[in-house]
Amino acid sequence: MVYSGVWISTIAQVGLLWSIHRGLTGGVYLFKPLSSYGFLVTYIEAPRGPSKHGSLIGKGLLFGTLGDIMLMFKPEWSFLLGLVAFLLSHICYSMAFVKLGVRWTNSLSLLGIAASGAMLSQVLPWLLPNVDADMKIPVLVYMVAIVIMVIASLGSATNAQRPYPQVLGAIAFMLSDIFVAREKFVVTGFENAWIGLPLYFYAQHAIAYSAWKR
199 MVYSGVWIST
209 IAQVGLLWSI
219 HRGLTGGVYL
229 FKPLSSYGFL
239 VTYIEAPRGP
249 SKHGSLIGKG
259 LLFGTLGDIM
269 LMFKPEWSFL
279 LGLVAFLLSH
289 ICYSMAFVKL
299 GVRWTNSLSL
309 LGIAASGAML
319 SQVLPWLLPN
329 VDADMKIPVL
339 VYMVAIVIMV
349 IASLGSATNA
359 QRPYPQVLGA
369 IAFMLSDIFV
379 AREKFVVTGF
389 ENAWIGLPLY
399 FYAQHAIAYS
409 AWKR
């Protein structure tokens, strides 16, 4: 079984984190798209091709790549475009999980709803006071989208060919976004990249792998 995409991202992430730590903008511009390219490779190197919901996963990965590129730049418009790209990525993933068949009231879905509610009760009071008024609605819409995506991943897990990477990828994606928000709105620091980026790239690879047909 080939995992060249994982190796591409792993090696590129070392360069990316080193570039962020040293403040090397050129290194970020090189290694971040290369890290994203790795999870696209993971998707396309599926030995038997994608499963029935795989095309939507592929679209989500492409939007994620666009979001990665947009978030490399500092202007507010670039961040907003990145937010939109990742929103579309979450929508694609949610649609993919719905295509598998989501049981919204099964135990896993209800667990996801309860856990998401508990998380939001902690994250919203911590985050929103630091968000500018004109960004509050986009941030809230984005948070709702990723929560729906996580719940849909749980609710469709029993119908998925590869449920564990699907669910773990969705959860890791949500956790990585907390560090993106912390960096953008709360506290700037290398720890946001050190923790958030490996979580994010693991999430994308896991979701890409979950689309492999058995």
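Position one of the sequence shown corresponds to residue 199 (our numbering), numbered consecutively onward.
All residues carry an ideal CB built from backbone N, CA and C; glycine is no exception.
All values reported here derive from a predicted model rather than from experimental measurement.
Legend entry - the segment 368-383 / the segment 218-226 touching (three or more Cβ pairs under 8 Å): No, they do not touch.
Inset, instruction - Say whether chain D places a C-beta atom closer than 9 Å to the C-beta of Ala-368. - result: Checking the listed chains, one finds no chain D in this structure; it contains a single protein chain.
Inset, instruction - To the nearest angstrom, report how far apart Ile-267 and Trp-275 are at their CA atoms. - result: Note on geometry: alpha-carbon atoms of Ile-267 and Trp-275 lie some 13 Å from one another.
Inset, instruction - Can you give me the Cβ contacts of Ser-233 inside the same chain, cut-off strictly under 7 Å, excluding the 5 residues immediately before and after it? - result: The beta carbon of Ser-233 sits closer than 7 Å to the beta carbons of Ser-207, Ala-210, Gln-211, Leu-214, Phe-399 from its chain, once the five residues preceding and following it are set aside; these are given in chain order.
Legend entry - Identified DSSP bridge partners for Pro-248: Bridge partners of Pro-248: Trp-410.
Inset, instruction - Could you pull out every unbroken alpha helix (DSSP H) segment of at least 4 residues lying fully inside the segment 333-397, listed in chain order? - result: DSSP runs (the alpha helix (DSSP H)) wholly in the segment 333-397: 361-379.
Legend entry - Nearest candidate by alpha-carbon position, reference Trp-205, set Ala-358, Glu-243, Val-337, Gly-221: The residue with the shortest Cα to Cα distance from Trp-205 is Glu-243.
Legend entry - Other residues of its chain near Ala-355: CB distance less than 7 Å, five sequence neighbours each side excluded: Only Leu-306, Pro-361, Gln-364, Val-365 meet the Cβ criterion.
Inset, instruction - Note the first and the last residue of the continuous alpha helix (DSSP H) segment covering Thr-303. - result: DSSP places Thr-303 outside any alpha helix (DSSP H), giving it a letter other than H or E.
Inset, instruction - List the whole-angstrom C-beta distance separating Phe-277 from Leu-286, where the pair is believed to meet the contact cut-off of C-beta under 8 Å. - result: With a Cβ gap of about 15 Å, Phe-277 and Leu-286 do not count as contacting.
Inset, instruction - Let me know the secondary structure DSSP gives Met-268 once reduced to three states. - result: Secondary structure of Met-268 (DSSP, three-state): helix.
Inset, instruction - Please report the Cβ distance between Tyr-241 and Leu-259, rounded to the nearest whole angstrom; I am assuming they are in contact, meaning their Cβ atoms lie under 8 Å. - result: Yes, they are in contact, since the Cβ atoms of Tyr-241 and Leu-259 sit about 6 Å apart, within 8 Å.
Legend entry - Spatial distance of Tyr-291 from Ile-255 (CA atoms): Straight through space, the alpha carbons of Ile-255 and Tyr-291 are spaced by roughly 6 Å.
Inset, instruction - Answer yes or no: do Trp-392 and Arg-246 have a C-beta to C-beta separation smaller than 9 Å? - result: When the beta-carbon positions are compared, Trp-392 and Arg-246 stay at least 9 Å from each other.
Inset, instruction - Reducing DSSP to helix, strand and coil, say where Leu-222 ends up. - result: Three-state DSSP puts Leu-222 in coil, outside helix and strand.
Inset, instruction - Output yes or no for whether 9 Å exceeds the beta carbon distance between Val-321 and Met-341. - result: Less than 9 Å separates the beta-carbon of Val-321 from that of Met-341.
Legend entry - Leu-243, DSSP secondary structure in three states: Rather than Leu, the amino acid found at residue 243 in this sequence is Glu. Coil, per DSSP.
Inset, instruction - Output the boundary residues of the alpha helix (DSSP H) element that contains Gly-280. - result: Taken as a continuous stretch (DSSP letters only), the alpha helix (DSSP H) holding Gly-280 covers 274-298.
Inset, instruction - With DSSP collapsed to three states, give me the class of Val-329. - result: For Val-329, the secondary structure class from DSSP, reduced to helix, strand or coil, is coil.
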